[in-house]
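Notes follow once the structure below has been shown.
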């Protein structure tokens, strides 16, 4: 099939800048006008035989995130967990084929990708997140840019300011994994309200077993949910975020403690979700239930901490419970 326009560099898969790889006038939606400008590729079975629904399934499979073998995580790393065994990669090579493929599929890479950010200890985030490309300048436009050290806050802010209008339209979820001391200090609220929150329907926060207060000493779980109130009442007030998901993880032996915290959150639901007598968020009926169970190695970060192990003492049994709030009318 002849190429009508060059889309994105397949190795630079998600942030598609209009002033670099894609002509700014290139349409990104299927309309009669945009289709009139491209070869309809009727001779190709992909377009001449298959219906749009099947083509979309093919494009979804071709642009699904997958594990990057160059950045595989160690099983005992703080950031290793289901869905996070390696850095996620997305290929956009299929969109280089022709303009019609681009029109039908360009929204999928960002739509299916879940940008993830880890806070706050440096050992809590993957090695690749510690490096960022230095800014472009008129002196190095044609040369590879050296990597520089970066904080997770800066990595997040760089990601947000790099989003194009089309990226923002297609972005569905932002995922933050954070230690409780960071969350309870309202650091996520400050990060998101510092002029760096994109329009995103779904914000997810995960508190891992190693994110609880004094988990190293196997202390009883405790959580001050004022930061949740702040997120719902203030942070998301002026945004289009319609779903907030909180995932709480602990060891199987501490599930009763976690369930008590969840019940406390449910009992305080009115305080969390009402403002001036109006309830603007609704805690979903299924909230609080276990959504994931998985086993990890007995050592975390290379150290065997004093924790409740399984019978064989060679693994930790994790349980994850989820609470979901949805904005009224969403």
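Numbering (the UniProt record's numbering), first residue to last: 1 to 330. Positions of the beta carbon are idealized from the N, C-alpha and C atoms, including for glycine. Everything numeric in this text was worked out from a predicted model, so none of it was measured.
Nearest neighbour of residue 186 by Cα position, chosen from 226, 245 and 265, turns out to be 226.
Straight through space, the alpha carbons of residue 251 and residue 284 are spaced by roughly 24 Å.
Taking the Cα of residue 128 as reference, the smallest distance to any Cα among 318, 150 and 48 is reached at 150.
Judged by beta-carbon spacing, residue 65 lies within the 9 Å limit of residue 88, meaning their Cβ atoms are closer than that value. Between residue 223 and residue 171, the alpha-carbon positions lie close to 30 Å from each other. Under the Cβ criterion (8 Å, minimum of three pairs), the region 152-172 does not count as touching the region 207-220. Annotation: residue 117 to residue 34 spans about 36 Å, alpha carbon to alpha carbon. Residue 202 is bridged by DSSP to 173 and 243. The distance from the Cβ of residue 59 to that of residue 108 is about 6 Å, consistent with a contact at the 8 Å cut-off. Straight-line spacing of the CA atoms in residue 260 and residue 184 works out to 19 Å.
DSSP places residue 47 in the uninterrupted alpha helix (DSSP H) bounded by 45-48.
By the Cβ-count criterion, residue 302 is exposed, with fewer than 16 other Cβ atoms from all chains shown falling within 10 Å of its own Cβ.
Proximity to residue 96 across 81, 69 and 63 peaks at 63, based on C-alpha coordinates. The alpha carbon of residue 39 has as its nearest neighbour, out of 295, 102, 71 and 50, the alpha carbon of 102. In the displayed model, residue 319 falls within a strand according to three-state DSSP. Residue 232 places its beta carbon 9 Å or farther from that of residue 321.
With a beta-carbon spacing of about 43 Å, residue 45 and residue 79 fall beyond the 8 Å limit used to define contacts. In the same chain as residue 30, and ignoring 5 residues on each side of it, the C-beta atoms closer than 7 Å to its own belong to 103 and 104, in chain order. DSSP, read as helix, strand or coil, puts residue 55 in helix. Pairing residue 91 with residue 317, the inter-Cα distance amounts to about 34 Å. Under the DSSP assignment, residue 282 falls in the beta strand (DSSP E) whose first and last residues are 281-283. Here residue 152 is buried: its Cβ has 16 or more other Cβ atoms, across all protein chains shown, within 10 Å. In terms of CA proximity to residue 219, 253 leads the group 236, 230, 253 and 159. Look at residue 181 here: in three-state DSSP terms it is helix. Between the C-alpha atoms of residue 94 and residue 159 there is a straight-line separation of about 24 Å. Scanning its chain for C-beta atoms nearer than 6 Å, with the 5 sequence neighbours on each side dropped, one finds around residue 68 the residues 86, 87 and 89, in chain order.
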